[in-house]
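Residue 987 in the working numbering sits at position 216 of the sequence shown; the count goes up by one each step and never skips.
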Amino acid sequence: MSEPARDFPQSFVFGAATAAYQVEGGIENDWTDWERAGKTRTPCGRAVDHWNRWEEDFDLLGAAGLGAYRLSVEWARVEPEPGRFDDAVLARYRAMLEGLSRRGIKAMVTLHHFTHPRWFHQRTPWTGAASVEAFAAFSRKVAEALRGRVSWWCTLNEPMVFLLGGYVAAQMPPGLKDLDGFAKAAANLMRAHLAARRAIREADPGVPVGIAHNSLGVAPLRSVSPLDRTISRFAHDLYNHAVPRALIEGELRLQMPLLLRRKEVIDGARGSLDFLGVNYYSRIHVGAKLGAPWLETRYVDVARRGLTDLGWECHPEGFGALLEQMKAYGVPLYITENGLADESGERRSAFLYDHLKVLATAMRGGADVRGYFHWSLLDNFEWLEGLGPRFGLYRVDFQTLARTATPTVAWLKRVAQTGRLATP
């Protein structure tokens, strides 16, 4: 009797993801100051102490049958003062990658995952050209230290989330509401990707370099409203396509009616992604409202699946639609984040099943998706929400720091080992 067909090919990579600030603990950076200003529900503090418990945590990857790990390098640890790089920190990160290698686990390393050294926003803000060289120097140093141990380099994590949060909504450092600054910072982040990519290619040639890009289903708040339909189209284009289009086609286009209209050719950006990482969680409804801010956004439980613990809609159909669009860029795709906040731990398997089913369908339809990284390996610090939302495959007791497998671990392990989906 022949073996049942696989939903994912043998070469497909299953992994999990984290970010340094959210798990390592003991970091002093721009987000630390943001917390001390009272702008998060709880401080990060020791987070889940991954900096000291990484050996234990890497064993959890193997126990879950996962063959890859996406982690980030904390810029504030590596370069606490401008131009002063901490060799002991770089040696620790290399030891971590060697620990992954001993376990047969591939590493995807992210260089910018929202946080910065304290000095950055004053000395070399993203609105100025000096930011590009600052990021390139950091990237060069990290690539030199870690070369030979990285399977994929990811220069930027969710640049549009950072830009909107930092320069439009003032919900993360540098905490501005400045559309001109938003546009300047966006262009410089694109240039920073290019400069980092050059530095990586010199230090660690032959390793693919890409970004992790947050993608979000976007729908009109009132489908009968022509204005809401127009706004949703512009919001979809700005949020989902401005960044990958700039790095693949070479032109950054930022457009929102009555607010913003910028076009800028980014020299050297055409064809500058070896892969595109897709982060997908939910769909948002957008529309117009009277008074500033004139744009209204809302999560709506259209299919009555129940919102996540963060109040986000569960909408796997939007995942499929976005993969169809992203495949048109003609570069390999990786799902660099996907998951949900689930305090009970009982909804996660069904959520992943629904999204992996959509992913398998997209792949059969021609989407060149080569791997899937679950967010997150561990419960962790969730930015503005603090130590509250539970995204981890492994639950963490924030008092004792004990790690406990959620029911999803055994199910995902079977999927990863067999390449076949089964109903949880």
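Virtual Cβ for every residue (Gly too), placed ideally from N, Cα, C.
Since we're looking at a predicted model, the values are computed, not measured.
With contacts defined as CB atoms closer than 8 Å, valine 1140 and leucine 1164 fail to qualify as a contacting pair. Between alanine 1013 and the set Tyr1100, Gly786, Arg1069, Glu799, the nearest pair of CA atoms involves Tyr1100. Relative to alanine 791, the option among Gly809, Arg817, Ala914, Tyr1052 whose CA is nearest is Arg817.
Under the three-state reduction of DSSP, isoleucine 1055 is assigned to strand. Listed in chain order, the non-local C-beta contacts of arginine 894 below 8 Å within the same chain comprise Pro853, Ala901, Ala905, local neighbours out to five positions each way being set aside. Uninterrupted alpha helix (DSSP H) stretches at least 4 residues long and entirely within the stretch 1077-1101 occur at 1087-1097, given in chain order. Scanning Leu842, Pro851, Phe953 for the CA closest to the CA of tryptophan 897 turns up Phe953. Selection Glu1035, Gln942, Arg972 evaluated against leucine 960 yields Glu1035 as nearest (Cα-Cα). Excluding residues up to 5 positions away in sequence, Ala1112, Pro1160 lie with their Cβ nearer than 6 Å to the Cβ of leucine 1081 in the same chain. Of the other Cβ atoms in all chains shown, 16 or more fall within 10 Å of the Cβ of tryptophan 1154; this residue is therefore buried. Going by DSSP, threonine 881 is part of the beta strand (DSSP E) stretching over 877-883. If you check the CB distance, alanine 1059 and isoleucine 1002 come in under 8 Å. 8 Å or more divides the Cβ of histidine 1086 from the Cβ of glycine 1110. The alpha carbon of histidine 964 has as its nearest neighbour, out of Val921, Glu973, Thr926, the alpha carbon of Thr926. If you compare the alpha carbons of Gly946, Gly981, Leu947, Asp804 with that of histidine 883, the shortest gap goes to Gly981. Sorting Tyr1143, Ile798, Val939, Ala957 by C-alpha distance to the C-alpha of phenylalanine 1152 places Ile798 at the top. Between alanine 839 and lysine 810 the beta-carbon gap is near 33 Å, outside 8 Å, which marks them as no contact.
Beta bridge pairing from DSSP links glutamate 1035 with Leu1023.
Taking C-alpha positions only, valine 939 is separated from proline 945 by approximately 10 Å. Distance from the CA of glycine 1142 to the CA of threonine 1107, rounded to the nearest whole angstrom, comes to 8 Å. Rounded to whole angstroms, alanine 1006 and valine 989 show a C-alpha spacing of 7 Å.
For glutamate 795, same chain residues with a beta-carbon under 7 Å away, outside a window of 5 residues either side, are Ala818, His821, Trp822, Glu845 in chain order. The criterion of a C-beta distance shorter than 8 Å is not satisfied by alanine 914 and aspartate 951. By the CB criterion at 8 Å, serine 1147 and proline 1195 fall outside the cutoff.
The beta-carbon distance between glutamate 929 and histidine 984, rounded to whole angstroms, is 7 Å. This is short enough to meet the 8 Å contact definition. Asparagine 1050 carries a strand assignment under DSSP once its states are collapsed to helix, strand and coil. DSSP, read as helix, strand or coil, puts alanine 787 in strand. A straight-line Cα-Cα distance of about 10 Å links leucine 1030 and leucine 1066.
Exclusion of the five residues before and after glycine 936 leaves Gln942, Met943 as the residues of its chain whose Cβ lies within less than 6 Å of its Cβ.
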